[in-house]
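Residue numbers (my numbering), protein chains in the order written: chain V, 1 to 301; chain U, 302 to 602.
Now the structure itself:
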C-alpha cells in the first residue's frame, strides 16, 4: 500500500467538516467520507488497537488515517421491527448499500468484522435519531442501547479509493482536501418495506484512460460499491449541474475529463432520513467503524 | 453462446465489402471485420472442418459465421529478416497487435491454433504485397511460399463482440450491417525496427451503463484487444470528426451515448503498409484464419 503524508489535507478537511456541522447541525456529511490515509504511524496499530483507543477516549474525531489499509464502514442501527426490511433493502441494492457486517438483535458485537468489537463504544462519535430528528451526538451509545437493536455495517469508498490512488490515479477531492461531491439521482433504488428513494452517487472527475482503469480497479471491489454506475453524462441520471452537488463539495471537471459516478454509501442514510424510523443510530460523519478486515481482502481478484 | 440469425445482415455486409473492394482495390477493409456469427448450421462443424472446406474450395468469401464461437485471426506473413522486429513490435503493442500464434520460418503450420492447419491454403483469400504494392489476391499462396516466411496470427474483435452481444449489448455496426468505424489516432505505437506508426482504433457507440459493462467484459479478453483505450472524447486521441472514419463505415453516436474506442487489428496492417516490406502476405479483408480455439478460452476470467 502506498502511503502519503496528507496531514495538512486531513487537518483542513477536519476543520471543514467541523465548521459545516457547527453552522448547520442538519448538514448531511457523507457516511463514507473520502480521504486517503495519512502516513502510517507506529501507534496506529491494527483495527483492534484503533477501536481500543477510541473506546478509551484516547482517539476522538475522524477515523481517516487510523489503521491504514483496514476497511472502515458506515453504520446504521435500527430496531428489529425494521431490520428485516432494511436488510432486504441492502440486498436489493448492493451497489449503494453493500453490507459487510450485521449483528444479532441486541448484540453489540459484529464478529465477522473484528475481534473484541463493541459497536456501542468503538466509534468516535454517533448520531441518535428519533422519528427522523437528530436528538444526540454522543461518543458512546451504551445509554441508548436496546435489546431489539440490529447493527448494519456498510462498505465505504475508502477501500477502492486506496486502490485507485495506489495506481497513481489522482482523486481531485483528496488533492483539494475537500469532500467528494455527491448527488441524488433519478436512479431509483429497489424498495423494501418502507425503505425507498433515489440512489445517491459520488463523482470523481477522471481522464478517459483513468476512467477505464478505474472501472477495472473498482470492479474488483463489489463489496465497497464496485464499478461505477454512470460515466460522462450527468443529465442522464438526473443531475442538472455537476457543480452543485447535493452533499459534499463541488470539484471541477476539466475539458479533458469525464465525470465518473459511483453508488454512494450516503444512499441508506438518505433513505433512512425519508423513512423517519422511531429510533435509529448512525455514525457521526467521518467517524467510521474501523474493522480488522483489510481492504485487499475485499478485492475479488 | 447466443446465436442469432443474421443472414440478411451478413449478405448485405458481404455485398458492401465486395462493392467497396471492386470500386477501389486499395480500399483498406479491416483485417478484423466486425460481424456476429450467423446461425450455426450443422455443416459448419468446428474450425478444422471450416479450414478443410476452405482448402477444398467449397467455401469461398468471408469467414464470418464459420465455426461459431471459434476464434478467428488476422494474418500477416513476413520474411524472416523482418520477423524479429515485427514480433517485438507486437510484444511492445499488445493492445492493437495481440499475437495469438506464430510459425517457425518456412513452416506453414501454426500448431497452437489448429490441427492440420496449413496457413497457405486455409484462408479463403489472401493479399500478396511487394514493396508495398498489392500484386495478387489469390485463394491459395503455395506458389508464393518461401522458406524464410514467418506467419503471425493476431487476435480480432470478433471474440469480444460475441461476448458483448451475448450480454445484450447492441453493436450499431452489426445492427446496421456495416463495418465498424476505424480511425488513425494520435496515439503512437511503440516502434520496433522499421515498424512504427499511429494506433488505429475501432469505435462502438454505447450508452454509459453499457460502456462500463463493456469495459468489464472486454477486460476479460486481453488477447483480442482487451479493454478500450479511450472513451468519450475523440478529439483527445486526434479524431477530429467521429463521423469520418479512416476505415470502415460511419455510425451515428446518439446524445445518450459515448463513443468507446478499442485498439484495432488494422494497426499492424497500417504499419506494414508504411514499412513497405519487400514481400508480405496478409489475409484478404474478411477472409480470416478460422482456428480451433474457442473465444471463451481467451477469457482470462
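All C-beta atoms in this analysis are idealised placements derived from N, C-alpha and C, irrespective of residue type, glycine included.
### Message
Since residue 51 of chain V and residue 284 of chain V should fall inside the 8 Å C-beta cutoff, what is the C-beta to C-beta distance between them, to a whole number of angstroms?
### Response
Not quite, the Cβ-Cβ distance comes to about 16 Å (not below 8 Å), so this is no contact.
### Query
Name the chain A residues that come within less than 7 Å of residue 533 of chain U, Cβ to Cβ?
Absent from the structure: chain A. Protein chains present are V and U.
### Task
Output yes or no for whether 7 Å exceeds the beta carbon distance between residue 74 of chain V and residue 47 of chain V.
no
#### Entry: residue 570 of chain U versus residue 112 of chain V - alpha carbon distance
55 Å
### Message
By the three-class DSSP mapping on this structure, what secondary structure does residue 537 of chain U have?
### Response
DSSP places residue 537 of chain U in helix when its eight states are reduced to three.
### Query
Is DSSP giving residue 214 of chain V helix, strand or coil here?
helix
### Query
Is the distance from the Cβ of residue 422 of chain U to the Cβ of residue 449 of chain U below 7 Å?
no
### Task
Report the neighbours of residue 516 of chain U on chain V: residues whose CB is nearer than 7 Å to its CB, in chain order.
212, 215 and 216
### Message
Short of 8 Å in beta carbon distance, which residues of its chain neighbour residue 182 of chain V, apart from the five on each side in sequence? Order them along the chain.
### Response
30, 200, 201, 202, 203, 245, 246, 247, 248, 264 and 266
### Task
Mind checking which residues open and close the beta strand (DSSP E) that includes residue 351 of chain U?
Counting along the chain, residue 351 of chain U falls outside any beta strand (DSSP E), though it belongs to the alpha helix (DSSP H) covering 348 to 356.
### Task
Please state whether DSSP places residue 442 of chain U in a helix, a strand or coil.
coil
### Task
Express the C-alpha separation of residue 467 of chain U and residue 259 of chain V in angstroms, rounding to a whole number.
Roughly 28 Å separates the two Cα atoms.
### Query
DSSP beta-bridge partners for residue 247 of chain V?
V:182
### Query
Using a C-beta to C-beta distance shorter than 9 Å, which residues of chain V count as neighbours of residue 504 of chain U?
Chain V residues near residue 504 of chain U: none, gap ~13 Å exceeds 9 Å.
### Proximity below 7 Å, CB of residue 587 of chain U to CB of residue 363 of chain U
Yes. Within cutoff.
### Query
Is residue 187 of chain V near residue 97 of chain V, with beta carbons less than 7 Å apart?
no
### Query
Taking the C-alpha atoms as reference points, what is the distance between residue 420 of chain U and residue 405 of chain U?
Going from the Cα of residue 420 of chain U to the Cα of residue 405 of chain U covers about 12 Å.
### Message
Strictly below 7 Å CB to CB, what residues from chain V border residue 520 of chain U?
### Response
Neighbours of residue 520 of chain U on chain V, chain order: 216.
### Message
Is there a C-beta anywhere in chain U that falls below 7 Å from the one on residue 288 of chain V?
### Response
Chain U contact via Cβ: absent.
### Query
Buried or exposed: which applies to residue 67 of chain V, given that a residue is buried once 16 or more other Cβ atoms fall within 10 Å of its Cβ?
buried
### Query
What does residue 537 of chain U reach in chain V if we use C-beta pairs closer than 7 Å?
Taking the beta carbon of residue 537 of chain U as reference, the chain V residues within 7 Å of it are 208 and 256, listed in sequence order.
### Message
What does the Cβ neighbour count give for residue 91 of chain V, buried or exposed, with the cut at 16 atoms within 10 Å?
### Response
exposed
### Message
Please identify, using Cβ separations under 8 Å, the residues of the region 88 to 122 of chain V that lie next to chain U, in order along the chain.
### Response
none
### Message
Any beta carbon of chain V sitting closer than 7 Å to that of residue 529 of chain U?
### Response
Closer than 7 Å: yes.
### Query
Between the Cα of residue 578 of chain U and the Cα atoms of U:360, U:378 and U:357, which residue gives the shortest distance?
Of the candidates U:360, U:378 and U:357, the one whose C-alpha sits nearest the C-alpha of residue 578 of chain U is U:378.
### Query
Mind checking whether the beta-carbon of residue 561 of chain U lies closer than 6 Å to any heavy atom of the ligand ATP?
The model depicted lacks the ligand ATP and carries no ligand whatsoever.
### Message
On the CB-based measure, 16 or more other CB atoms within 10 Å of its CB, does residue 257 of chain V come out buried or exposed?
### Response
buried
### Message
Considering only the alpha carbon of each residue, which of V:93, V:173 and V:279 lies closest to residue 250 of chain V?
### Response
V:173
### Query
Which whole-angstrom value is the C-beta distance of residue 496 of chain U and residue 390 of chain U, which I expect to be below 8 Å?
4 Å
### Task
Provide the residue(s) that pair with residue 209 of chain V in DSSP beta bridges, ordered along the chain.
The partner list for residue 209 of chain V (beta bridge, DSSP) is empty, contrary to what the question assumes.
### Task
With residue 72 of chain V as the anchor, note down where its beta strand (DSSP E) starts and where it stops.
70 to 79
### Task
Starting from residue 300 of chain V, follow the alpha helix (DSSP H) in both directions and report where the run begins and ends.
Neither: residue 300 of chain V is in no alpha helix (DSSP H) and is coded neither H nor E.
### Cβ-based neighbour list, residue 576 of chain U, same chain, cut-off 7 Å, excluding 5 preceding and 5 following
495 and 496
### Query
residue 114 of chain V and residue 292 of chain V: beta carbons closer than 7 Å?
yes
### Query
For residue 593 of chain U, does the three-state DSSP call read helix, strand or coil?
strand
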